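S.K.: Taken in order, the sequence shown gives residues -1 to 115; the numbers are from the numbering used here.
Glycine included, each C-beta is placed from N, C-alpha and C at the ideal position.
Nothing here was measured: the structure is a model prediction, and the numbers come from that model.
Before we start, here is the structure in question, set down as structure tokens.
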Amino acid sequence: MINENKDDTIKRMADLLRQGATLTNLSCPACASPLFRLENQTLWCVKDEKKVIVMKKGSEEKKPDSPYDKIEKTLLSKVNRLQDRIENTENVDELQKLTSTLSEVLTALEKIKKMKK
């Protein structure tokens, strides 16, 4: 039974090669079987019959953007613009308005960061 399963795997590997897949120097992290690169550039484990994703050493899986990411980026941009305006103003009334606005934006930014956790 084990030989029959091994023979089936080898036949499927040969079929993939005939169909244009490329044998790579990579092995499956689950079963150590050689990986094939299909024509659509997907890495494939014939033995497990699964797509394999290879990550570079030290890299993390990219987390999907949260709905708050865009808001956070916008608020950070506003902080930078407010900082520039604060640096360039000489008017005390305008400075007071700008620092008050900056405080509100920073509070909103802090809330967004808490919500993302």
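With a CB to CB cut of under 8 Å and the five nearest residues on each side skipped, what residues in its chain are close to Asp46?
M.R.: Walking along the sequence shown from the start, residue 46 turns up at place 48. Counting only Cβ-Cβ distances below 8 Å, and skipping sequence neighbours, we find Cys26, Ala28, Cys29, Ser31.
S.K.: Determine which residues share a DSSP beta bridge with Cys43 and list them.
M.R.: Translated into positions along the sequence shown, residue 43 becomes position 45. Answer by DSSP bridge pairing, in chain order: Leu33, Lys48.
S.K.: Are Thr105 and Leu96 touching if we call contact CB-CB under 8 Å?
M.R.: One-based indexing of the sequence shown puts residue 105 at position 107. One-based indexing of the sequence shown puts residue 96 at position 98. No.
S.K.: Is Asn89 helix, strand or coil by DSSP?
M.R.: Position 91 of the sequence shown, counted from the start, is the residue given in the question as residue 89. Three-state DSSP puts Asn89 in coil, outside helix and strand.
S.K.: Within 10 angstroms of its Cβ, does Val90 collect 16 or more other Cβ (buried), or is it exposed?
M.R.: Within the sequence shown, numbered from 1, the residue matching residue 90 stands at position 92. When all chains shown are included, Val90 counts as exposed.
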